[in-house]
Each structure stands twice: as C-alpha cells, then as structure tokens.
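Using the working numbering, you'd call the opening residue of the sequence shown number 142 and step up by one each time. Heads up: the structure comes next, in structure tokens.
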Amino acid sequence: MTLPPGDPQWNQPPQGQQFGYAGYQAGYQPAPQFGPYGPPPARPGSVIAAAVLGFLFGALGIVVTLGAIVLGAIAGSLDDDSTGGFDEFADAAAGVALALGLLALAWTVLLIWGSVWALTGRSRVLLLVGGSIALFFTTLGFLGSLGSTSGGDVVVNLLLFAGALAIVLLLSLRPAAEYFAAHRARRGG
C-alpha cells in the first residue's frame with residue numbers, strides 16, 4: 142500500500158523496521174558500504190610518527206647524497222698539476238665519493254618510498270629496512286663519537302640514533318601491525 146505525500150505517516154518507516162547507517166530513511170541516501178572488512182582502519186600515531194621520521198632521514202639523505210656527489214666531482218676534476226702527482230689518489234677518492242653518493246641515494250629513495258607506503262597502509266617493510274640501515278650507521282656514529290672531546294658530536298649522534306631506533310620500534314608496535322594487517326586483508330593478500 143502506498144501512502145499519498147500529504148498523509149502524516151508518509152515520511153515514517155514501516156512498523157518494526159529499524160533504520161540506522163545500513164538502512165534507508167526518507168530523504169537520505171543509504172550509508173556507505175565498505176564490503177566484508179568494514180571501514181578502513183584508522184592510521185595509528187606510531188605509523189605517522191615513523192613516516193615523519195622517515196621523511197626527515199630522507200631529507201638528510203638528500204643532503205648527504207648531494208654532498209658526496211659534489212665532492213666526487215671535485216676530486217675527479219683535479220689534474221696532475223694541482224694534486225702534485227697524486228692523480229691516482231684523487232681519482233680513487235672521486236670513485237669512492239661517487240659510490241657512497243649512489244648508496245646514499247638508494248637509501249634515501251628507500252626511506253621516502255617506504256614512508257609513503259607506510260602512510261597509505263601498503264607496507265611497512267621498506268621503511269623498516271631503511272630505518273634498520275639508519276640504525277646500524279647511527280649506532281656506529283654514536284659509538285665513534287663517544288671518544289670525541291666535543292659534546293656536540295655526541296648529542297647529534299645520539300639524536301640521530303634515537304630517531305632511527307624510533308622508526309624501527311614504532312613500526313613494530315601492535316597498533317601498527319594491526320593497521321598493516323587490516324590493509325593487507327582488504328587488498329586480499
């Protein structure tokens with residue numbers, strides 16, 4: 142039975158029927174359907190913090206990459222007259238600097254790409270690998286700076302170590318693991 146628009150019961154749901162997000166209500170669109178897995182999970186703060194640290198280390202990696210490549214180019218441009226017969230040494234230094242610059246570039250891309258993937262819920266693996274590499278080298282830098290007479294070296298290396306450790310630990314927490322597992326389930330993988 143259809144009620145005319147002027148009838149007072151026209152805009153009321155039928156008796157015994159409950160309406161909420163999943164139902165229809167007069168004048169409203171149906172609630173969005175998210176499939177069998179429900180709405181996408183909220184991004185935990187630990188993932189956001191790890192990604193921000195990944196972007197910061199990536200920015201540092203850009204500076205290191207550019208510095209190593211420029212240093213390599215300068216060393217490679219030295220000729221016999223300016224090096225006093227150390228041309229082979231200058232060429233070797235240029236090669237080492239360029240190789241280190243390319244490794245730093247690969248690490249930088251890994252961190253930035255990993256940060257983007259972590260924020261989108263795609264994967265945490267790249268950021269974990271990049272953070273672990275950073276953790277290894279910052280540990281070496283921190284331990285090496287302990288014998289330094291300058292307190293600034295120790296503080297800077299300690300901060301870099303703490304940031305790299307934070308990336309790895311934050312991505313290893315339960316909320317981060319659940320976030321990535323939910324996204325993996327939604328993708329069907």
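Using N, Cα and C, we set each Cβ at its ideal position, and we do this for glycine too.
- Between A275 and A303, the CB-CB gap reaches or exceeds 9 Å.
- Across the set L267, G242, I253 and L300, the C-alpha of G242 shows the shortest separation from the C-alpha of I210.
- The straight-line gap separating the alpha-carbon atoms of A192 and R263 is approximately 13 Å.
- Rounded to the nearest angstrom, the gap between the Cα atoms of V257 and G199 is 11 Å.
- When C-alpha distances from I203 are compared across V309, L300, P316 and W248, the shortest belongs to W248.
- In this structure, DSSP gives R265 a state outside helix and strand, which the three-state scheme calls coil.
- For R328, the three-state secondary structure derived from DSSP is helix.
- Boundaries of the alpha helix (DSSP H) around A191: G186 to S218.
- With a 10 Å radius around the Cβ and a threshold of 16 neighbouring Cβ atoms, G288 comes out exposed.
- Residues F283 of the same chain have their beta carbon placed closer than 7 Å to that of L299, with the five preceding and five following residues left out of the count.
- Pairing S187 with L312, the inter-Cα distance amounts to about 7 Å.
- Membership of G304 in the alpha helix (DSSP H) is indicated by the continuous run G292 to S313.
- Between the alpha carbons of P180 and R325 lies a distance of about 14 Å.
- Judged by DSSP in its simplified three-state form, L276 adopts helix.
- Straight through space, the alpha carbons of F230 and E319 are spaced by roughly 53 Å.
- Within the same chain, G213 come within 6 Å of L239 by CB-CB distance, once the 5 residues on both sides are set aside.
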